[in-house]
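I have placed the structure first, in the form of structure tokens, so that the comments after it can refer back to it.
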């Protein structure tokens, strides 16, 4: 048991927020929990979003406004270097997120997954360090998340993300879709690949083992 | 995936494996042009603006890519191979 100080903090505009690296010796993880844990809105919250949208408030702003009314329960800094996330944080867990600790899919769990299916997006790592904020067709990553939450987009209409294993960790090659579904807190469709297509190896630029990703601002 | 797609991809992959010379770089540009002509639906970035943006984003983090592959590069003294990688990465970088 390690005695350590715990600080509460709030991160605006992010349902989940992570900062830290193994070589820093610490990391911090904030995740809004409560009735809407996982990003899903309750029926009452959805009604509230619809009401705000009906008043002319953009969907994303309406969702944020409703979410901000929730109690946020930030978590504690994770234990220091003696228990780095990469060494101990990859166990299984039905909730997908536990206080202070991200739970990623393990290679064993990955091997046992059906070739296609759905999965908690929080269990999957990003391969890239950053993504463009828009999709190839021009759609916006954050808007997709808001539309998924508001029920304006059917999650099943979104192509599955491709999952691959690399160095004992499970990554996606479709980072923008994963980001949108993580923000929405909605289960995402996946497809397992046996090997990483050679040309997609260029996507592996993550600097935090795929824990989080930066959305590049348009210039 | 069509035969032409596989063929071009194999040529690109083979070229990427070689020691990169100026002639290899010119050949790569020719292959990329052909790939875009017949396989643009496989490209993530199909406008010049998005392609350039992807080049910038990938180049900014390319050391991480090379480190993940156990390759050491000097970003201040890039060779033809790095230029090839930047062009190839921008095809798929989100």
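Residue numbers (the numbering used here), protein chains in the order written: chain A, 267 to 485; chain B, 2 to 95.
C-beta atoms are modelled at their ideal positions from N, C-alpha and C, and glycine is treated no differently.
This structure is a prediction, so every number in the text was calculated from the model and none was measured.
Between residue 25 of chain B and residue 19 of chain B the beta-carbon gap is near 6 angstroms, inside 8 angstroms, which marks them as a contact.
The beta carbon of residue 58 of chain B is closer than 7 angstroms to those of 94 in its chain, skipping five residues each way along the sequence. Going by DSSP, residue 429 of chain A is part of the beta strand (DSSP E) stretching over 427-432. Here residue 67 of chain B has 73, 74 as same chain residues with Cβ atoms under 8 angstroms from its own Cβ, once five neighbours each way along the sequence are excluded. In its chain, beyond the 5 residues on either side, 16, 85 have a beta carbon closer than 6 angstroms to the beta carbon of residue 29 of chain B.
With respect to residue 481 of chain A, residue 399 of chain A sits close: the two C-beta atoms are nearer than 8 angstroms. Measuring C-alpha to C-alpha distances from residue 433 of chain A to each of A/330, A/372, A/448 identifies A/372 as the nearest. For chain A, the residues of the region 68-84 of chain B that bring a beta carbon within less than 9 angstroms of one of its beta carbons are 69, 70, in chain order. In the DSSP annotation of this structure, the continuous segment of the alpha helix (DSSP H) that includes residue 31 of chain B starts and ends at 23-40. Comparing alpha-carbon positions, the option among A/463, A/392, A/427 lying closest to residue 471 of chain A turns out to be A/392. Against residue 397 of chain A, the close residues of chain B are 95, in the order they occur along the chain (beta-carbon pairs closer than 8 angstroms). A Cβ of chain B is located within less than 8 angstroms of the beta carbon of residue 473 of chain A.
Counting along the chain, residue 375 of chain A sits inside no beta strand (DSSP E); it lies in the alpha helix (DSSP H) bounded by residues 373-378.
Residues of the region 431-459 of chain A with a C-beta atom less than 9 angstroms from some C-beta of chain B are 432, 433, 439, 440, 441, 442, listed in chain order. Collapsing the DSSP output to three states places residue 389 of chain A in a helix.
Between residue 455 of chain A and residue 484 of chain A the beta-carbon gap is near 28 angstroms, outside 8 angstroms, which marks them as no contact.
Look at residue 418 of chain A: its C-beta is not under 8 angstroms from any C-beta on chain B.
Counting along the chain, residue 418 of chain A sits inside no beta strand (DSSP E), nor does DSSP assign it H or E at all.
Separation of residue 53 of chain B and residue 91 of chain B (C-alpha to C-alpha, rounded to the nearest whole angstrom) is 7 angstroms. Identification of residues in the region 384-416 of chain A having a C-beta nearer than 8 angstroms to some C-beta of chain B yields 394, 395, 396, 397, 398, 402, given in sequence order. Here the alpha carbon of residue 406 of chain A sits roughly 13 angstroms from the alpha carbon of residue 441 of chain A.
Considering only A/396, A/466, A/330, the residue with the shortest C-alpha distance to residue 44 of chain B is A/466. The criterion of a C-beta distance shorter than 8 angstroms is satisfied by residue 428 of chain A and residue 459 of chain A. Contact between residue 473 of chain A and residue 65 of chain B holds, since their C-beta atoms are separated by about 6 angstroms, short of 8 angstroms.
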